[in-house]
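Student:
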Amino acid sequence: MERNTGVRVDHYAEIGFAGFVGVVDAVGGVDLCLGRPVRDKDSGANLPAGCQTLDGAEALAFVRQRKQEAQGDLGRTRNQQRFLAALARKAATPSTLADPSKSFPTLRAGLDTLIVDDGTELPDLMALFEAMRKATGQRGPAAQRARGRP
Numbered sequence: 212m213e214r215n216t217g218v219r220v221d222h223y224a225e226i227g228f229a230g231f232v233g234v235v236d237a238v239g240g241v242d243l244c245l246g247r248p249v250r251d252k253d254s255g256a257n258l259p260a261g262c263q264t265l266d267g268a269e270a271l272a273f274v275r276q277r278k279q280e281a282q283g284d285l286g287r288t289r290n291q292q293r294f295l296a297a298l299a300r301k302a303a304t305p306s307t308l309a310d311p312s313k314s315f316p317t318l319r320a321g322l323d324t325l326i327v328d329d330g331t332e333l334p335d336l337m338a339l340f341e342a343m344r345k346a347t348g349q350r351g352p353a354a355q356r357a358r359g360r361p
């Protein structure tokens, strides 16, 4: 990656598909409003327009679909950011954080499937989560796009 892009990569973190589904299901699903139906046979997405709560499998299909997006992978990336903002909002609600039946499974699902490089330590993960929180927060880029702002 560094050789091809010239961008320095300090650490690597990845969450697998099963982990993604597990985190979404552990928080009780994620609320998302769709302006139009989302149908993509390759990803399995078959979601009606309107506001709904996506379970883990539906969420995974939504973030993987790109064929109906006019901008292809760029549209998929925007959907992923929008979804992550909604997931972060749900995970940070008092009803999730204060409920051990939601908070512990969410934490377990995330940590069980999180893959990092050998040099990653707890302060690095904390910095990563803080950066994600800021990017998906009220003023972050993903939240701005979710509200229709560039």
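The working numbering applies: residue 212 is where the sequence shown begins, and numbers increase by one. Note that beta-carbon positions come from the ideal geometry of N, C-alpha and C, so glycine has one too. Note that the structure is a prediction, hence the values are computed from the model and not measured.
In the DSSP assignment, find the beta strand (DSSP E) that holds Gly261 and state where it starts and stops.
Tutor: Within the sequence shown, residue 261 is the residue found at index 50, counting from 1. That run of the beta strand (DSSP E) goes Gly261 to Leu265.
Student: Beta-carbon within less than 7 Å of Ser254's beta-carbon, same chain only, minus the 5 sequence neighbours each way: which residues are those?
Tutor: Indexing the sequence shown from 1 puts residue 254 at position 43. Cβ neighbours of Ser254 beyond the five flanking positions: Ala272, Arg275 and Gln276.
Student: Within the same chain, show all residues whose beta-carbon is closer than 7 Å to that of Pro259, passing over the 5 residues directly before and after it, in chain order.
Tutor: The residue given as residue 259 occupies position 48 in the sequence shown. Result list for Pro259: Pro248, in chain order.
Student: Return yes when the Cβ of His222 is within less than 9 Å of the Cβ of Thr331, no when it is not.
Tutor: Here residue 331 is taken as the residue at index 120 of the sequence shown, counted from 1. Here residue 222 is taken as the residue at index 11 of the sequence shown, counted from 1. Against a cut-off of 9 Å, the Cβ pair of His222 and Thr331 comes out as a contact.
Student: Provide the residue(s) that pair with Asn257 in DSSP beta bridges, ordered along the chain.
Tutor: Indexing the sequence shown from 1 puts residue 257 at position 46. Looking at the DSSP assignment, Asn257 forms a beta bridge with Arg250.
Student: Under 8 Å, with one C-beta from each stretch per pair, do the region 278-291 and the region 215-233 reach the 3-pair mark?
Tutor: No, the region 278-291 is not in contact with the region 215-233.
Student: Cα separation between Ala237 and Ala342?
Tutor: Position 26 of the sequence shown holds residue 237. Position 131 of the sequence shown holds residue 342. Their backbone Cα atoms lie some 22 Å apart in a straight line.
Student: Judging by CA-CA distance, which residue of Leu295, Thr304 and Ala270 is the nearest neighbour of Asp251?
Tutor: If you number the sequence shown from 1, residue 251 lands on position 40. Comparing Cα positions, the closest option is Ala270.
Student: Starting from the N-terminal side, write out each stretch of the beta strand (DSSP E) that is 3 residues or longer and does not extend beyond the region 219-250.
Tutor: The qualifying runs are 224-226 and 241-245.
Student: Here's the rule I'm using: 16 or more other beta-carbon atoms within 10 Å means buried, otherwise exposed. How should Lys301 be labelled?
Tutor: Indexing the sequence shown from 1 puts residue 301 at position 90. Result: buried.
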